[in-house]
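Taken in sequence, the protein lines are chains V and E.
Position in the first sequence counted from 1, then plus 114, gives you the working numbering.
Position in the second sequence counted from 1, then plus 114, gives you the working numbering.
First up is the structure itself, then whatever we jot down about it.
Number of protein chains: 2
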Amino acid sequence: MNADTGDVQPLDPEQMEAYFALLEAVSLLQHQVEQHLRAEGDISYVQFQLLARLVHAPGPLTMTQLADGVVYSRSGLTYQAGLLEKAGLITRGPCPDDDRATLVTLTQAGSDLFHRVLPGHVQLSRTLLFDPLADQDVHHLGDIMTRVRDHMRTLPPRSAAPRKRRTTPPRSGSDPIAG
Amino acid sequence: MNADTGDVQPLDPEQMEAYFALLEAVSLLQHQVEQHLRAEGDISYVQFQLLARLVHAPGPLTMTQLADGVVYSRSGLTYQAGLLEKAGLITRGPCPDDDRATLVTLTQAGSDLFHRVLPGHVQLSRTLLFDPLADQDVHHLGDIMTRVRDHMRTLPPRSAAPRKRRTTPPRSGSDPIAG
DNA sequence: ACACAGTGATTTGAATTCGAAACATGTACG
DNA sequence: CGTACATGTTTCGAATTCAAATCACTGTGT
């Protein structure tokens with residue numbers, strides 16, 4: 115690789131604008147959502163995502179299944195699961211099929227909390243993201259970002275497999291705002 | 115409004131898709147960019163942003179000016195500025211107009227590093243973000259996200275916080291978001 | 001049965017971030 | 001002048017994240 119010569123074409127002004135507006139807007143959105151969830155239910159956005167996955171899952175999930183798509187390290191999930199368990203929102207128990215695995219189960223309190231903060235979360239995403247957009251914009255945005263997301267999903271594993279690659283089905287997974 | 119009853123309509127499937135695709139795509143993009151910058155120039159994305167602001171600024175910036183739009187706390191910038199100064203990429207000096215302020219100046223090494231990692235950064239954003247998009251998509255994406263960003267920049271911070279209300283103490287500093 | 005690589009989860013340590021409080025200077029007003 | 005408040009920055013503590021190392025179990029080959 116010749117890193118000394120700048121033999122890469124610069125981005126068009128339009129690309130630059132899209133790139134930076136995208137990153138900054140999402141940063142603002144994430145920050146607001148984080149503040150809201152903390153004030154409303156005393157949970158972080160990561161914890162909200164984990165509860166959402168459990169709510170929409172057919173049953174208990176293993177730690178790795180729960181981590182996939184939410185955090186980039188398994189240890190990060192161990193930490194969050196500890197907090198959620200201490201708060202009484204989930205329980206961790208052994209997996210009958212595999213003694214190495216830990217099955218995470220949503221408690222009634224966890225389900226209650228999720229459904230308590232969900233309306234506000236939906237309302238906030240409306241206020242922040244969808245208010246300034248027309249229906250056509252939303253359609254186009256979803257189309258664009260779905261393509262980008264699926265494109266990037268094909269490249270990296272999510273929850274970091276330092277040893278070997280996992281064959282994770284590209285499932286859409288969490289949709290906590292499904293009424 | 116009544117926060118106890120879930121009298122909020124769920125999002126349309128199309129809105130839901132756009133919302134989650136947006137957040138996950140940007141999360142993946144940020145993570146890849148972070149990895150790249152760390153490997154290429156041993157800097158974080160935040161540090162890259164700070165160098166970028168200094169490169170494009172007409173002259174030195176104060177800490178607050180530098181923080182705007184990059185971090186959500188001034189202390190976070192103090193920490194990063196310390197790292198950048200220790201790495202020889204910036205210098206901090208007094209401000210002649212205001213003895214309270216600190217002027218941050220880009221060094222030659224800082225400028226060199228920025229221009230060294232920029233081509234790879236641009237190339238990566240191309241590969242991850244713009245490859246699956248047509249020119250018209252890029253245009254629309256920029257238009258949409260610019261509107262969303264500007265919309266969020268000008269929102270009242272206290273929109274929905276029914277619980278945990280405390281008499282607002284002196285508003286510490288200016289809003290780093292609303293430049 | 002036994003070694004051994006592969007996999008699930010946790011522990012540990014370092015890095016980064018934010019919020020509150022402390023600190024220093026500037027400004028307004030009696 | 002002097003006091004009170006506003007503004008720019010830093011210090012400090014707590015929370016969160018990741019990567020590397022570690023522990024525990026599974027399955028396979030011999």
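In this text, a Cβ means the ideal position worked out from N, Cα and C, and glycines have one as well.
Predicted model, so just to flag it, every value in this text is computed and none were measured.
Assignment of beta strand (DSSP E) within the segment 131-179 of chain E, counting only whole runs of 3 or more residues, yields no such run. Shown here, V184 of chain V sits in coil according to DSSP, grouped into three states, outside any helix or strand.
Per DSSP, the unbroken alpha helix (DSSP H) holding L255 of chain V starts and ends at D249 to R267. In the structure shown, L220 of chain E adopts extended strand secondary structure according to DSSP, grouped into three states. The alpha-carbon of P210 of chain E is positioned some 59 Å away from that of T176 of chain V. The segment 227-234 of chain V makes contact with the segment 153-164 of chain V; the number of CB pairs closer than 8 Å reaches 3 or more. By the rule that beta-carbons nearer than 8 Å mark a contact, L137 of chain V touches chain E.
In the DSSP assignment, R206 of chain V falls within the beta strand (DSSP E) that extends over I204 to P208.
Here the segment 253-269 of chain V lies against the segment 129-147 of chain E, with 3 or more beta-carbon pairs under 8 Å apart.
Not a single CB atom of chain V sits nearer than 8 Å to the CB of T219 of chain E.
Taking a C-beta distance under 8 Å as the contact criterion, L180 of chain V and L165 of chain V do not qualify as a contact pair.
C-alpha of G224 of chain E to C-alpha of V218 of chain E: approximately 12 Å in a straight line. Q129 of chain V is a Cβ neighbour of F244 of chain E, given a cutoff of 8 Å. Annotated as distal: G202 of chain E and T216 of chain E, with beta-carbon spacing of 8 Å or more. DSSP, reduced to helix, strand and coil, places D226 of chain E within a helical segment of the structure shown. Look at P124 of chain E here: in three-state DSSP terms it is coil, with no helix or strand label. Taking 8 Å as the upper bound for CB-CB distance, V147 of chain V and H235 of chain V are in contact here, some 7 Å apart. Around the Cβ of S239 of chain V, a 10 Å sphere holds 16 or more other Cβ atoms; the residue is buried. Listed along chain E, the residues sitting closer than 7 Å to V252 of chain V by beta-carbon distance are E128, Q129 and A132.
Contact of V169 of chain E with chain V is not assigned, every C-beta pair being separated by 8 Å or more.
In this structure, A132 of chain E places its C-beta atom within 8 Å of the C-beta atom of V252 of chain V. At a cut-off of 8 Å between beta carbons, L180 of chain E makes no contact with chain V. The beta carbon of D211 of chain E does not come within 8 Å of any beta carbon belonging to chain V, so the residue lies off that interface. Closest option to P174 of chain V, judged by alpha-carbon separation, among V:V185, V:R152, V:Q194 and V:R206: V:R206.
Taking 8 Å as the CB threshold, V140 of chain V lines the interface with chain E.
Within a 10 Å sphere around the beta-carbon of V185 of chain V sit 16 or more other beta-carbons, which makes this residue buried.
Contacts between D226 of chain V and chain E, judged by CB atoms closer than 8 Å, are missing: the closest CB pair is about 12 Å apart. Flagged as an interface residue toward chain E: F244 of chain V, by a C-beta distance shorter than 8 Å. Take the alpha-carbon of L242 of chain E and the one of R214 of chain E: they are about 43 Å apart. For V231 of chain V, no Cβ of chain E is located within less than 8 Å of the residue's own Cβ. Taking a C-beta cut-off of 9 Å against chain V, the contacting residues of the segment 254-265 of chain E are H254, L255, G256, D257, I258, M259, T260, R261, V262, R263, D264 and H265, listed in chain order. Taking the C-beta atoms as reference points, L168 of chain E is found nearer than 8 Å to I204 of chain E.
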